[in-house]
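Residue numbers (this note's numbering), protein chains in the order written: chain C, 1 to 207; chain R, 1001 to 1207. All C-beta atoms, glycine included, are put in the ideal place defined by N, C-alpha and C. Data first, discussion second: the structure below is written as structure tokens.
Number of protein chains: 2
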Amino acid sequence: MSNKLPPVQPAGTKAKLLDAATRLVREKGFSSTSVDDLCKAAGVTKGAFFHHFASKEALGVAAANYWADTTSALFAQAPYHAPGNPLDRVFAYLDVRAALIVGGVAEFTCLVGTMVQEVHETSPAIRAACDASITGHAETLVPDIAAALKAHAVVGIDPHGLAMHTQAVLQGGFILAKAKNDPEVARQSVVYLKHYVALLCGVSVPE
Amino acid sequence: MSNKLPPVQPAGTKAKLLDAATRLVREKGFSSTSVDDLCKAAGVTKGAFFHHFASKEALGVAAANYWADTTSALFAQAPYHAPGNPLDRVFAYLDVRAALIVGGVAEFTCLVGTMVQEVHETSPAIRAACDASITGHAETLVPDIAAALKAHAVVGIDPHGLAMHTQAVLQGGFILAKAKNDPEVARQSVVYLKHYVALLCGVSVPE
DNA sequence: GACAACATACCAACCGGTTGGTACCTAGCG
DNA sequence: CGCTAGGTACCAACCGGTTGGTATGTTGTC
């Protein structure tokens, strides 16, 4: 009956706070989300909050890292790695991204893109964590992009730059979706991006 | 010597507040910019603020409209309308946009893109004003885009959709520039967009 | 003397953060 | 084995400062 595992029992106070942050910050922004809001949403007290995080800024950094972890796990097991052809994997990635843009705006938008807008000048630590999340994800696309460009003899395009460009299109689509309160404009931008990749590689856009 | 024009004399308290908002909101975000901050930056008292604006939210709406006015005046007199060829005008527009992406992040980023991220769910009035600013600017590009597509016999592309896509690329570039604290990534995304337009129209990218 | 354009002083609510304390688990010791 | 020392996890109450907003007063102009 001895239980040597982590002493916690229900779901982890820290994780509950991080989950609450992921939701609330995307709804209201970082600075409009108060520590009290977070605690209430997570069902914990403020004492517990400051036991786990030295400051609200520290929670911001932790939330960005948590976001990087959960999204990279999501994309690692996503079905877009299946195609044998690298270009088809790139197309499949963009299809997955477009398919994820559904429902309420706060549900499909990017936590770190939202946070970095607000705090890029006031919190270097959060800014760096958000940058690491975005850039780290973009880098996972580079092998497929590089292989696709090479296979189609495309020259003069930097795979890293194109990977960052895909993230720019997604982040910009999120902003437009927020402005219009409608996901459609963001999905449409992914279609234009897919079209660009197709033209670049000299193939017709699939589907 | 009788002056029947607006009774103001120096530079306009309202305009000073709006200018301060344009600067501070891009630096710190909307909710982190307090009414006191705005007043101090504009050199006016809080009584003056609430004389001109019913609430902080009302200032947000006014700032979005002010932004729409000043940027549309800027782009109306920009040199990209000169070329006789519509496609060249589109390229020139993108060159102008890229050329504007210089200096500190808060200086070239978009006020309404920043604001709408934060308040899209909490302030419908500000959200609508930001949408009007972005969409209104995008619509000014439609005639040139439509003419360019027609001149090059491109079918299946909606000029309105492509115009919105250009704004998505710009807004996304701004976010990446904030994350990296470097304008270069935003300029680069404009280059990819220009490349897309060139491929679409079957021409080589100029310069 | 009516009215717009401010200024000054103030307010209740809320902010991030701190305090002192409690409950519980584990390690070590005799 | 019992006991205690120390650490982790958490809580309720509180703190000084800041928040958006207001009430009231003053000034200059038609």
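- Beyond the five residues adjoining it in sequence on each side, glutamine 171 (chain C) comes within less than 6 Å, by CB distance, of Gly113 in the same chain, given in chain order.
- Two segments are said to touch when three or more pairs of C-beta atoms, one from each, lie closer than 8 Å; by this definition the stretch 132–139 of chain C does not touch the stretch 1147–1158 of chain R.
- Going by DSSP, valine 1190 (chain R) is part of the alpha helix (DSSP H) stretching over 1184–1201.
- Burial check for threonine 166 (chain C): the Cβ neighbour count within 10 Å reaches 16 or more, so the residue is buried.
- Interface annotation, alanine 1168 (chain R): in contact with chain C, CB-CB separation under 8 Å.
- The shortest C-alpha to C-alpha distance from lysine 180 (chain C) to any of R:Arg1127, R:Val1197, R:Ala1179 is the one to R:Arg1127.
- DSSP, read as helix, strand or coil, puts serine 133 (chain C) in helix.
- Taking CB atoms only, leucine 199 (chain C) has a neighbour in chain R less than 8 Å away.
- Taking the Cα of cysteine 1110 (chain R) as reference, the smallest distance to any Cα among R:Trp1067, R:Leu1087, R:Ala1163, R:Asp1019 is reached at R:Trp1067.
- The residue from C:Val25, C:Ala76, C:Val191, C:Arg187 with its alpha-carbon nearest to that of glycine 60 (chain C) is C:Val25.
- Contact with chain C is absent for tyrosine 1093 (chain R), since none of that chain's Cβ atoms lies less than 8 Å from the residue's Cβ.
- Close to arginine 1127 (chain R), with beta-carbon spacing below 8 Å, are these residues of chain C in chain order: Lys178, Ala179, Asn181.
- In this structure, the CA atom of alanine 129 (chain C) is about 45 Å from the CA atom of lysine 1150 (chain R).
- Shown here for alanine 64 (chain C): same chain residues with a beta carbon closer than 8 Å to its own, the five before and five after excluded, namely Leu111, Val112, Met115, Ile126, Ala129, Cys130, Ala132, Ser133 in chain order.
- If you look at asparagine 1065 (chain R), you'll find it in the alpha helix (DSSP H) that goes 1056–1076.
- For the stretch 1018–1042 of chain R, the set of positions with a beta-carbon nearer than 7 Å to some beta-carbon of chain C reads Glu1027, Lys1028, Gly1029, Ser1031, Ser1032 in chain order.
- Taken through DSSP and simplified to helix, strand or coil, valine 25 (chain C) comes out as helix.
- Counting the other Cβ atoms within 10 Å of the Cβ of serine 55 (chain C) gives fewer than 16, which makes it exposed.
- Non-local beta-carbon contacts of histidine 1081 (chain R) in its own chain, meaning distances under 7 Å to residues more than five positions away in sequence, involve Arg1089 in chain order.
- Taken through DSSP and simplified to helix, strand or coil, phenylalanine 1053 (chain R) comes out as coil.
- For the 8 Å CB-CB criterion, alanine 58 (chain C) and leucine 17 (chain C) do not form a contact.
- Chain C places a beta carbon closer than 8 Å to that of glutamine 1188 (chain R), counting this residue as a contact.
- Note that the C-beta distance between threonine 1013 (chain R) and alanine 1048 (chain R) is below 8 Å.
- Measuring C-alpha to C-alpha distances from leucine 1087 (chain R) to each of R:Ile1145, R:Phe1053, R:Tyr1196, R:Val1191 identifies R:Ile1145 as the nearest.
- Between leucine 162 (chain C) and tyrosine 1093 (chain R), the gap from beta carbon to beta carbon reaches 8 Å or more.
- For the stretch 125–176 of chain C, not one full-length alpha helix (DSSP H) segment reaches 4 residues or more.
- In terms of beta-carbon proximity, aspartate 69 (chain C) stays away from the interface with chain R, with every pair separated by 8 Å or more.
- Along the stretch 1115–1141 of chain R, going in chain order, the ones with a CB nearer than 7 Å to a CB of chain C are Val1116, Gln1117, Glu1118, His1120, Glu1121, Thr1122, Arg1127, Cys1130, Asp1131, Ile1134.
- Among the CB atoms of chain R, one or more fall inside 8 Å of the CB of leucine 162 (chain C).
- The beta-carbon separation of alanine 1168 (chain R) and serine 72 (chain C), rounded to 24 Å, does not stay under the 8 Å limit for a contact.
- Among the CB atoms of chain R, one or more fall inside 8 Å of the CB of valine 185 (chain C).
- Put simply, the CB of histidine 1165 (chain R) is near chain C, with a gap under 8 Å to one of its CB atoms.
- Residues of the stretch 100–116 of chain C with a C-beta less than 8 Å from any C-beta of chain R: Val105, Ala106, Val112, Gly113, Thr114, Val116, listed in chain order.
- Counting of Cβ neighbours within 10 angstroms places proline 1143 (chain R) among the exposed residues, the total staying below 16.
- A residue is called buried once 16 or more other Cβ atoms fall within 10 Å of its Cβ, and glutamine 1077 (chain R), having fewer, is exposed.
- Within chain R, the C-beta atoms nearer than 8 Å to that of tyrosine 192 (chain C) come from Gly1161, Leu1162, His1165, Tyr1196, in chain order.
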